[in-house]
Amino acid sequence: MLMRMLRKDWLRNKSISAALLVFISLSALLASSGANMIAELSSSLGALFAKSGVPHYVQMHAGEVDRAAIDRWAQGNELVRRHQAAEMIKVEDAHLVLGDGAAPGSGGIMDHYFVKQNRSFDLLLDLDSQPVQVKRGEIAVPVYYKQRDGLEIGDKIRIAAPGFAMELRIADFVRDAQMNPSIIHSKRFVVYDADFARLSGSGAGEREYLLEFQLTDPGKLGEFRTAYEASNLPKLGPAIDHTLFRTLNALTDGLLAAVILLVSFLIGTIALLCLRFTILAAIEEDYREIGVMKAIGISSKHIRKLYLAKYVLTAAVASVIGYAASLLLHPLFTRNIMLYIGKAPKGLVLQLVPVAAAAFTFAIVIAFCMLTLRRFDRISAVEALRSGAAGEGRPPGTKPALHRNRTLSVPVFLAVKDIVGRFKMYRMLLLVFIISSFIMLVPVNFFHTVQSPGFNNYMGIERSDLRIDLQHAGSAGDDYRSIVAQLENDNDVEKYAAVLVSSFKTVGDDGTLENMTVEVGDFAAFPLEYMQGSAPSRADEIALSYLNGKEMEKKVGDPVRLIVDGREITLKVSGIYQDVTNGGRTAKAALPVRLDTVLRYEIAVDLKPGADVADKRDRYAQAMHPAKVTDLAGYMAQTFGNTLEQLKLVTRVATVVALLVSALITALFVKMAVAKDAGQIAIMKSIGFSMLHVRIQYVTKALLVLVAGIAVGTVLSNTAGPSAAGVAMSFMGAARIKFAIDPLQAYVLYPALLLAAVTVTALVSLASIRKVKMSEMNAT
Amino acid sequence: MGVLLEAKELSKSYASGPNDGQQVLKKVNLQIRKGEFIAVMGPSGSGKSTLLFNLSGMDRASSGSVTFGGEDICSFSEKRLSELRLTKMGFIFQHIHLLKNLSLLDNIVLSAYLAKRSSRKSINARALEYMRKSGIDELAGKSITQASGGQLQRVAICRALINQPEIVFGDEPTGALNSKSAGEIMDLLADINEAGTTILLVTHDVKVAAKTERILFMLDGSLVAERNLGKYRKGKGDVKAREEDLAGWLANLGL
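The structure is reproduced here in structure tokens:
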């Protein structure tokens with residue numbers, strides 16, 4: 000009997016039941032997908048780190064090292080389990096050709112390190128997550144280039160330095176636990192030992208080292224770091240630890256999973272709103288029957304069970320559909336994880352995560368149903384039998400009055416009046432439109448922000464037409480002076496400012512010394528937007544990046560102790576800025592610099608109006624070799640390459656979901672409204688309203704609510720949206736994101752998409768008004 | 000007087016619904032001249048309301064024709080039919096059928112605002128004048144829940160008249176009212192007819208029909224008899240004589 004009742008109920012409310020099914024399915028699908036991504040990311044990352052034997056602490060060093068001294072120090076330190084000094088040859092971009100049809104200098108902003116496979120740990124893995132093995136004449140290329148340049152096995156990589164040439168065939172791709180993410184500007188290429196020896200001895204590139212340590216107890220990383228920094232071991236370069244590797248590797252896909260879960264939550268909210276609406280409509284419709292059941296002695300609990308059965312079945316079917324669909328979409332969402340991190344066998348617990356997410360959706364829906372169905376307790380049998388309808392509470396008011404209106408056309412006026420008079424009915428539609436606009440606009444705005452030139456503010460770099468990066472090695476000092484001279488003599492240059500990036504030691508409150516990368520130079524010419532305070536303008540001031548400030552627990556006005564030229568000085572924090580580069584830990588100050596502590600030179604250049612930036616970039620790249628010359632857009636595109644791709648995917652998914660949800664809810668709402676208002680529509684038709692008049696009225700209702708929804712959704716996405724993005728980005732070093740909104744997209748294009756989707760759906764759904772017969776007027 | 004509305008061989012049968020396959024109107028021929036006051040009588044299910052719906056273009060005939068002002072409205076598009084109902088026809092229903100969320104005055108001005116044939120200001124003035132004549136002007140801003148059945152039917156009559164139509168159709172306009180209210184409504188309709196508006200109404204009440212001039216009798220979808228009361232004085236004069244005449248006529252028809 001129950002099945003018969005359910006079938007009858009489904010047939011009676013086909014559209015609303017279908018919409019409910021779709022919303023719960025979508026919510027379960029996204030919850031399942033998001034949870035599955037996190038499970039996949041966690042297990043894959045764990046497997047990658049385990050398989051590659053990622054070091055716990057890495058000190059990069061530009062220059063030669065004394066291996067014996069390192070061995071002695073490591074052997075004498077009980078925290079060290081194993082260590083190695085991995086040699087790398089840095090090949091200049093201008094000397095490198097990536098791919099058959101490419102030109103020299105196509106590598107972009109990345110530092111290209113040629114290495115041989117390590118023996119015991121920090122293994123570079125292939126796409127099957129096995130240690131890469133290459134033969135003579137072969138090379139394994141980072142997956143970053145596979146994705147960015149579409150390189151394939153068999154393509155050629157050429158090194159063409161003065162007096163040296165080498166051609167290598169791509170035999171494999173490299174998953175590098177340390178340097179996988181595009182946000183890390185170093186990439187390792189694996190070559191055969193003999194090829195490496197030839198390259199190493201040729202002088203075609205600078206030699207650098209990764210001094211890597213695996214600890215006996217990773218929990219004592221802080222203790223080890225202090226010991227290393229206090230030692231005399233090489234430190235000409237940044238030091239990184241395994242927690243940062245994990246964060247940076249997980250960042251792109253973790254963000255995507257978080258966004259998917261957020262969208263799932265929002266769709267789930269829509270499903271619950273829709274459910275409440277459905278239940279209340281069902282109660283209204285069956286009011287008299289409920290009264291009869293109560294009158295003949297059936298308890299509220301039993302009546303509730305009858306209704307609950309329908310929703311339990313709908314939610315169960317929807318959750319299963321959602322889960323099944325999430326398995327189909329899984330390859331799409333985990334495409335990036337599979338390429339960069341690889342697949343790992345998942346244990347039973349992780350296999351169950353997506354099932355649990357779908358089951359959680361189911362449980363929430365049922366709990367909500369039970370809460371809403373408690374309304375049955377309030378229905379009095381006598382009242383239900385007497386009136387036969389739950390009614391709409393107070394009769395609708397007569398205001399606003401048509402006879403006082405001078406401007407609105409009759410259909411538009413009636414639409415406005417209906418919304419005012421029955422706002423409770425439109426509230427759900429409004430909420431759904433607000434959520435849809437939010438879901439759509441936040442990713443769009445965030446995507447545009449990351450792409451915008453103003454994103455430099457979150458990268459700790461000043462906005463300029465061109466950016467020249469020069470690593471400090473060999474004759475870099477001379478190269479630097481030559482570059483400055485060229486800029487001085489170039490009439491196209493409006494202004495330039497150089498920053499020297501050096502490593503200094505800070506003195507902690509407990510006297511411990513730690514390395515800090517400090518940019519030293521002129522910060523007035525190219526101003527940066529500060530979160531708090533301003534750029535250092537005096538010699539005793541320092542500005543800290545957000546993450547540095549947070550970790551050092553410093554705010555504007557606080558003192559920072561620094562060792563400069565062997566003596567301790569105290570600087571005052573002048574400002575806090577956002578920076579997602581260098582692991583988010585940088586500083587800016589006007590300090591005296593010793594050339595032997597310089598890590599790199601960064602020069603910002605603005606050209607005069609009318610100068611061709613692209614042309615100048617190419618000319619400088621040739622003339623200023625080995626410096627890297629990029630325009631800001633290129634710099635960002637290369638840094639955020641796959642993050643942008645993932646964000647684009649999120650934007651598209653969110654847009655499709657928002658449009659789908661809006662269209663569905665509009666169809667559902669219009670159909671219900673037409674069914675409910677059939678008698679009133681018949682009256683209107685009888686007194687001369689044409690179909691067009693009725694259509695205009697109902698489409699106007701949907702559009703007015705949509706416009707209000709878009710307006711509120713836009714305000715929310717501009718206020719709560721940046722905060723949400725800030726929470727996500729704070730892990731990277733930018734906590735206060737201000738959306739760079741493309742007005743055309745955010746205020747015209749995407750709202751127009753929503754408007755079009757809702758208008759078309761409303762018009763299609765209004766086809767049923769043709770069926771409203773004037774002879775049915777007694778239905779009112 | 001010229002012919003305003005004419006039905007020729009008008010038939011209607013339903014393909015689906017409760018009257019599935021049944022021929023509700025059978026080759027009805029009818030001429031209505033301008034200024035006439037006509038009642039259609041007949042037992043329940045005889046096709047009275049269906050005739051009214053087909054003559055007013057609210058429903059489409061299965062065969063035959065309906066001409067209004069010389070034009071065959073059966074060939075009109077839905078849009079033209081809407082225009083016709085809006086500008087040239089008025090309707091009064093048994094169950095009143097006002098829009099629930101509008102005030103009484105707004106219900107009256109609604110179709111005139113839609114027709115846009117005069118300014119909203121002058122429409123308001125005209126509506127209030129009709130309300131005054133109908134004795135309900137004090138209810139202008141009230142909602143439909145604040146008026147009695149008789150008062151609401153007066154509002155419906157004012158709404159039917161607001162666009163100064165050529166013909167007013169009434170489907171049992173007094174069916175839901177008590178006899179006092181019904182008498183008042185019929186007096187009002189008689190005044191309207193006196194002013195020149197053609198009225199065609201459906202009723203099964205002899206007292207109501209007796210206030211009109213021409214009575215048509217329907218049986219099983221056909222017009223079977225007709226009685227003209229033109230020989231009596233119009234309005235409130237000769238009421239008794241009219242009712243007796245009609246009752247006698249119906250008795251002769253075997254009803």
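In order, the protein sequences belong to chains V and G. Note that numbering that gives the first Met the number 0 numbers the first sequence so that position 320 is 319, with each residue one more than the last. Note that numbering that gives the first Met the number 0 numbers the second sequence so that position 128 is 127, with each residue one more than the last. Virtual Cβ for every residue (Gly too), placed ideally from N, Cα, C.
Reducing DSSP to helix, strand and coil, say where residue i ends up.
i, result
"Asn162/G", "coil"
"Arg584/V", "coil"
"Asn11/V", "Note that residue 11/V corresponds to Arg in the displayed sequence, not to Asn. Helix."
"Glu391/V", "For Glu391/V, the predicted model reports a pLDDT of 47, less than 50, meaning its position is unreliable; a value from the coordinates is still stated below. Here Glu391/V sits in coil by DSSP."
"Pro750/V", "helix"
"Val173/V", "strand"
"Asn177/G", "coil"
"Gly44/G", "coil"
"Phe332/V", "helix"
"Ala6/G", "strand"
"Ala496/V", "strand"
"Ser185/V", "strand"
"Tyr59/G", "It is Arg, not Tyr, that sits at residue 59/G in the sequence shown. Of the three classes helix, strand and coil, the one that applies to Arg59/G here is coil, per DSSP."
"Arg168/V", "strand"
"Lys549/V", "helix"
Does residue i come within less than 7 Å of chain G when only Cβ atoms are used?
i, result
"Arg405/V", "yes"
"Tyr697/V", "no"
"Met773/V", "yes"
"Met690/V", "yes"
"Gly149/V", "no"
"Ala674/V", "no"
"Glu391/V", "In this prediction, Glu391/V scores a pLDDT of 47, lower than 50, which makes its location untrustworthy; the coordinate-derived value is nonetheless stated afterwards. No, Glu391/V lies away from the interface with chain G (no Cβ there is under 7 Å from its Cβ)."
"Leu401/V", "yes"
Does the CB of residue i have a neighbour CB from chain V at under 7 Å?
i, result
"Val205/G", "no"
"Lys233/G", "no"
"Ser43/G", "no"
"Lys87/G", "no"
"Ser81/G", "yes"
If you follow the beta strand (DSSP E) that residue i is in, where does it begin and where does it stop?
i, result
"Arg205/V", "Before going further, note that residue 205/V is Glu rather than Arg in the sequence given. Where Glu205/V is concerned, the enclosing beta strand (DSSP E) stretches over Gly204 to Leu214."
"Ala111/G", "From DSSP, Ala111/G is part of no beta strand (DSSP E) but of the alpha helix (DSSP H) over Leu103 to Ala114."
"Ile467/V", "Leu465 to Gln470"
"Thr246/V", "Premise fails: Thr246/V lies in the alpha helix (DSSP H), His241 to Glu284, not in any beta strand (DSSP E)."
"His447/V", "Run containing His447/V: none in the beta strand (DSSP E); it sits in the alpha helix (DSSP H), Phe422 to Gln450."
"Glu137/V", "Glu137 to Pro141"
"Asp630/V", "Lys627 to Asp630"
"Tyr529/V", "From DSSP, Tyr529/V is part of no beta strand (DSSP E); its letter is neither H nor E."
"Ser573/V", "Arg566 to Tyr576"
Output, in chain order, the set of chain V residues within a Cβ distance shorter than 9 Å of residue i.
i, result
"Arg131/G", "Ordered by position in chain V, no residue passes the 9 Å Cβ test against Arg131/G, which lies about 15 Å from the chain."
"Arg158/G", "Ile686"
"Met57/G", "Lys684, Ser685, Lys772, Met773 and Ser774"
"Ser62/G", "Under the 9 Å cutoff, chain V gives no residues; its nearest Cβ is about 19 Å from Ser62/G."
Please compile the residues from chain G whose C-beta is within a distance smaller than 8 Å of the C-beta of residue i.
i, result
"Gln679/V", "Leu98 and Lys99"
"Val409/V", "Leu109, Tyr112 and Leu113"
"Ile682/V", "His96, Leu97 and Leu98"
"Lys416/V", "Asn100 and Leu101"
Go to residue i, then tell me how far its alpha helix (DSSP H) extends in each direction, as first and last residue.
i, result
"Leu80/G", "Glu77 to Lys87"
"Asn123/G", "Arg119 to Lys132"
Check the Cβ of residue i against every Cβ in chain G and list those closer than 7 Å, keeping chain order.
i, result
"Lys423/V", "Ordered by position in chain G, no residue passes the 7 Å Cβ test against Lys423/V, which lies about 14 Å from the chain."
"Gly420/V", "Asn100"
In chain V, what lies closer than 8 Å to residue i by C-beta?
i, result
"Gly140/G", "Thr397 and Ala400"
"Asn123/G", "His402"
In chain V, which residues lie less than 7 Å from residue i when you measure between Cβ atoms?
i, result
"Phe90/G", "Ser685 and Ile686"
Review point. Which residues, in chain order, does the region 99-119 of chain G contribute to contact with chain V at a C-beta distance below 8 Å?
Key: Lys99, Asn100, Leu101, Ser102, Leu104, Asp105, Val108, Leu109, Ser110, Tyr112, Leu113, Ala114 and Arg119
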